[in-house]
Amino acid sequence: MADFFEGLGKRLSDVASDIGKKTGDTLEIQKIKGDIRSLKRANERDLIDIGRMIYEKFQAGAVSDMDCVDLCEEIEKRDTEIEKQEAMIARIQGEE
199 MADFFEGLGK
209 RLSDVASDIG
219 KKTGDTLEIQ
229 KIKGDIRSLK
239 RANERDLIDI
249 GRMIYEKFQA
259 GAVSDMDCVD
269 LCEEIEKRDT
279 EIEKQEAMIA
289 RIQGEE
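All residue numbers for the sequence shown refer to this note's numbering, where the first residue is 199 and numbers rise by one.
As structure tokens, this is what we get:
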């Protein structure tokens, strides 16, 4: 009977050890995933800033790369459309 309890105690100890290791691994993985998300968000912010800088240079006439020029022209078209639609909203609100 003593062997049974010793074996049971060892198995329980092993299970507890495995659970502790898995929990530790899970926490470490979540921390790493959080770090990855933070790095990706930082990259997205930098890409947005790069885009903004290129667009500002385009507005100043300082961009000659046709791919960039095409994208900037599309942005200008959408900005114009946004202004038109905002004016429509203002007219509608003024009519109420």
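Using N, Cα and C, we set each Cβ at its ideal position, and we do this for glycine too.
Only a predicted model underlies this, so the values are computations on that prediction, with no experimental measurement involved.
Item to check | Pair within 9 angstroms by beta-carbon distance, residue 273 and residue 261 | outcome: Position 75 of the sequence shown, counting from 1, holds the residue named residue 273. Position 63 of the sequence shown, counting from 1, holds the residue named residue 261. The answer is no: Cβ separation not under 9 angstroms.
Item to check | Beta carbon proximity, residue 270 to chain B, threshold 9 angstroms | outcome: Absent here is chain B; the protein component of the structure consists of one chain.
Checklist entry - Expressed to the nearest angstrom, what Euclidean distance is found between the alpha-carbon atoms of residue 290 and residue 284? => result Translated into positions along the sequence shown, residue 290 becomes position 92. Translated into positions along the sequence shown, residue 284 becomes position 86. Distance between the alpha carbons of residue 290 and residue 284: 10 angstroms.
Checklist entry - Using DSSP with H/G/I as helix, E/B as strand and the rest coil, what is residue 262? => result Taking the first residue of the sequence shown as position 1, residue 262 is located at position 64. Here residue 262 sits in coil by DSSP.
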